[in-house]
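Protein chains in written order, with my numbering: chain A, 19 to 135; chain B, 1227 to 1340.
Given below as structure tokens:
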């Protein structure tokens, strides 16, 4: 089944600097890659997603890049702010019934992003 | 709209007790899911329901049962709770399948099994 590796597990950056979180996936058939943000004690919420027919997508200070050949995708946050502090999860689609995310979505283990004032 | 509502928010059980986590969504979504979240493990799928009347196992189904009562409601039952089931449980729903569109999560239910 699909396997999603996410790095780093913890990332500390100075406020105003950029942060990059990287994920790799194993299933070459994966075609949908969402990113979820979970603030402390809250529910995960989708912040951005990308499909395999594009290489990059931006939404204000957030961008995601996808390299299908290398099977990795990354989340980029520029001009970080205190409210960016959270756990970020990447995910990759997989074929239903292939194990892991049986409905076709496998999550990484998460990155705790800490914004230092 | 309330979105996805799950109850209870907190529960403490003794080993061997049973309980049911309730979930309801008011977005007319077809697909509903139960995930568990453990430190350092991310979100792992327990069971899902692609449509009313169907349910399927996810990555970690052992020790759980589910019921898709109607299009709105999807419950998760622990028949005989074990300490390994101590976790935060999230219900989620999506208009389409999880591998194509956004998942909307409930606020979570923190379960402790002593």
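Where a beta carbon is used, it is the ideal one built from N, C-alpha and C, also for glycine. This one's a predicted model, so the numbers in the text were calculated from it and none came from an experiment.
Let me know the secondary structure DSSP gives residue i once reduced to three states.
{"i": "residue 1309 (chain B)", "result": "helix"}
{"i": "residue 100 (chain A)", "result": "helix"}
{"i": "residue 33 (chain A)", "result": "coil"}
{"i": "residue 1295 (chain B)", "result": "coil"}
{"i": "residue 1253 (chain B)", "result": "coil"}
{"i": "residue 1319 (chain B)", "result": "strand"}
{"i": "residue 110 (chain A)", "result": "strand"}
{"i": "residue 1340 (chain B)", "result": "coil"}
{"i": "residue 1247 (chain B)", "result": "strand"}
{"i": "residue 28 (chain A)", "result": "strand"}
Checking contacts by CB at 8 Å: is residue i closer than that to chain A?
{"i": "residue 1278 (chain B)", "result": "no"}
{"i": "residue 1289 (chain B)", "result": "no"}
{"i": "residue 1258 (chain B)", "result": "no"}
{"i": "residue 1267 (chain B)", "result": "yes"}
{"i": "residue 1312 (chain B)", "result": "no"}
{"i": "residue 1328 (chain B)", "result": "yes"}
{"i": "residue 1331 (chain B)", "result": "yes"}
{"i": "residue 1334 (chain B)", "result": "yes"}
{"i": "residue 1316 (chain B)", "result": "yes"}
For residue i and chain B, any beta-carbon pair shorter than 8 Å?
{"i": "residue 61 (chain A)", "result": "yes"}
{"i": "residue 64 (chain A)", "result": "yes"}
{"i": "residue 50 (chain A)", "result": "yes"}
{"i": "residue 91 (chain A)", "result": "no"}
{"i": "residue 127 (chain A)", "result": "yes"}
{"i": "residue 133 (chain A)", "result": "no"}
Measuring from the CB of residue i, is there a heavy atom of the ligand NAD at a distance below 7 Å?
{"i": "residue 1286 (chain B)", "result": "No copy of the ligand NAD appears in this structure; indeed no ligand is present at all."}
Considering only the alpha carbon of each residue, which of the options lies closest to residue i?
{"i": "residue 1268 (chain B)", "options": "B:1254, B:1321, B:1313", "result": "B:1313"}
{"i": "residue 1334 (chain B)", "options": "A:85, A:60, A:53", "result": "A:60"}
{"i": "residue 71 (chain A)", "options": "A:89, A:57, A:50", "result": "A:50"}
{"i": "residue 111 (chain A)", "options": "A:102, A:100, A:123", "result": "A:123"}
{"i": "residue 56 (chain A)", "options": "A:133, A:109, A:103", "result": "A:103"}
{"i": "residue 1337 (chain B)", "options": "B:1248, B:1228, B:1229, B:1266", "result": "B:1248"}
{"i": "residue 1340 (chain B)", "options": "B:1254, B:1332, B:1311", "result": "B:1311"}
{"i": "residue 41 (chain A)", "options": "A:63, A:52, A:99", "result": "A:52"}
{"i": "residue 1256 (chain B)", "options": "B:1316, B:1263, B:1271, B:1280", "result": "B:1280"}
{"i": "residue 1289 (chain B)", "options": "B:1300, B:1277, B:1307", "result": "B:1307"}
{"i": "residue 92 (chain A)", "options": "A:21, A:37, A:130", "result": "A:37"}
{"i": "residue 1328 (chain B)", "options": "B:1304, B:1259, B:1242", "result": "B:1259"}
{"i": "residue 1305 (chain B)", "options": "B:1245, B:1284, B:1231", "result": "B:1245"}
Can you tell me where the beta strand (DSSP E) with residue i in it begins and where it stops?
{"i": "residue 1239 (chain B)", "result": "1236-1239"}
{"i": "residue 1301 (chain B)", "result": "1300-1304"}
{"i": "residue 1269 (chain B)", "result": "1268-1275"}
{"i": "residue 1286 (chain B)", "result": "Taken as a continuous stretch (DSSP letters only), residue 1286 (chain B) belongs to no beta strand (DSSP E), as it is neither H nor E."}
{"i": "residue 23 (chain A)", "result": "22-25"}
{"i": "residue 129 (chain A)", "result": "129-134"}
{"i": "residue 123 (chain A)", "result": "123-125"}
{"i": "residue 1231 (chain B)", "result": "1230-1233"}
Self-check item: Complete alpha helix (DSSP H) runs within the region 39-103 of chain A (minimum length 4 residues, chain order)
Solution: none
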